[in-house]
Amino acid sequence: NPTVEGQSEKEQLIESLCQELLDEVLTDEDCDPSVPAVVLSVMQDELEALTDGGFDFTIVQLEPGQSQDNAANPTAGTATKEAEKGTEDPDSVLITKRRVFTDENGNVIVTTTMRTVRKGNEGKLQEQFLSRRAELREQKQRGRAQHKAEAELESLQAAERDRMSARWALEAARADRELEAANQRLQREADAARTPAGERLRARLALEARARRQRAEADESHLGELREVRLRQLGERWRLRQRLAEERSQLETEELRRRLDEQRDALVRRQAEERRGWPRLLKEERAARASNFRDSLRLPMPGSKPITSDDAALQRRLQREFDESEAARTRQSLAELEAKVARELAEFDKRAARQLEDAEREIATRRHQMKEREADQARDIEAAWRQELGELRDRVAAEEEAAAAAAAASFGEVSGGNRHANRP
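Given below as structure tokens:
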């Protein structure tokens, strides 16, 4: 396909992409090298979508004896008539591809490219393309469903985390407000009663100790709830993965069974064809042996007495013995052939059963590995929770020690102030 002068870079790129796509269809390893027009018509939608309506692809399949002028586009011109001689073969297909575009000067340019290919098994090729397209669409739908399920699960988990964070923030704010209100109330009571400094200090320290205990309990409760949320989200995530894995395993098993059934049907058809050819083969072998037997009667072995026409009884006896031996030989040959067919079928069934068992064993192994990974992640969550709980308790113990030291220092200052106040 030569590049036309004045053709833009975008149009050249689109044309090269279209040609690569067409060559890929014509040279697919899974298809007959002589791709028919019916297979190319399957890819016509993809070609039109890729070119965005900029090119017009026309695929023509000629009937035996039909001229190119009645089948191809009228704009093909003289090139179509010149290629008419190559399409007289009823086993060939002429593919005509017409391009219409406008150059930079506004001129409409029409180019036509023709290719003659041999016909192949159209039904088989069309079935392969349609099956491949259905498989790709099914994989795309499964991927979309999995992505949608994971997105929904992630949104639910995010909403759960936001709800828990909001509740914990409300609880912390409520605890702070209660502490502030208690401090204010204690201050008012102390001012009203004009209690001594030691009693006010003891009340304040008791209030602070109670606030620390409440805060420590709230932190431990927060860690426990966070652990439960993580375990629940982990279980939901692995249940989703297991369900998707089960669906994928079921599809793989069904595909394996279908493939084995097709192979078994092919084996049965081949054996049936061989069985239909047995009588002819046995008949030919029997005819050859009968001819040799008649020759042996007519031409005796060296040193033996020839059989004359007067020995009719001997000839009948020999003929009867030969017929009996041939009948026995035929029955034995049929029995051997039937045994061979049955043995091949039994071996195929054993092999198919072994493949199914291997597939089931692999599925069970994957399921066991998923359970082990889930258990490992659950143990990691438990270990992280225990570590955080230990760190929290150590921090609370350190705060208690620091508060006790500060309380002792405060009591010392209050006692010293009282002694100076009582000195005359």
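Counting in UniProt numbering, the sequence shown runs from 1 upward without gaps.
Just so it is clear, CB atoms sit at the ideal spot from N, CA and C, and this is done for glycine as well.
(message) Using 7 Å as the threshold, is the C-beta distance between A211 and L231 below it?
(response) no
(request) Could you tell me which of D394, R264, T365, A182 sits nearest to residue 468, measuring between CA atoms? (result) The question about residue 468 has no answer, for the chain in this structure spans 1 to 424.
(request) Decide if T365 is buried, meaning its Cβ has at least 16 other Cβ atoms within 10 Å, or exposed. (result) exposed
(request) Mind reading off the beta-carbon distance from A175 to R215? Whole number of angstroms is fine, and I expect it under 8 Å. (result) 7 Å
(message) Please tell me whether L267 and F348 are closer than 7 Å, where the distance is taken between their beta carbons.
(response) yes
(request) State buried or exposed for R98, treating a residue as buried only when at least 16 other CB atoms are found within 10 Å of its CB. (result) buried
(message) Can you tell me whether L40 is helix, strand or coil according to DSSP?
(response) Interpretation of L40 is limited by its pLDDT of 48, a score under 50 that renders its predicted location unreliable; no figure is taken from the coordinates.
(request) Return the CA-CA distance between T80 and A272, expressed in angstroms with no decimal places. (result) Any reading at T80 needs caution, since the residue's pLDDT is 44, under 50, leaving its predicted position unreliable; the model's value is listed next. Distance between the alpha carbons of T80 and A272: 49 Å.
(message) Suppose contacts are defined by Cβ-Cβ distances below 7 Å. Is A359 in contact with T253 by that definition?
(response) yes
(request) State the Cα-Cα distance for the pair residue 425 and E326, rounded to the nearest angstrom. (result) The requested residue 425 is not part of the displayed model; the chain covers only 1 to 424.
(message) Between which residues of its own chain and A182 is the CB-CB distance below 7 Å, once the five residues before and five after are set aside?
(response) L207
(message) Could you check whether Q146 and L244 sit closer than 7 Å to each other, using their CB atoms as the reference points?
(response) yes
(message) Just to confirm the assignment: which complete alpha helix (DSSP H) runs, minimum length 4, are found wholly within the stretch 236-295?
(response) none
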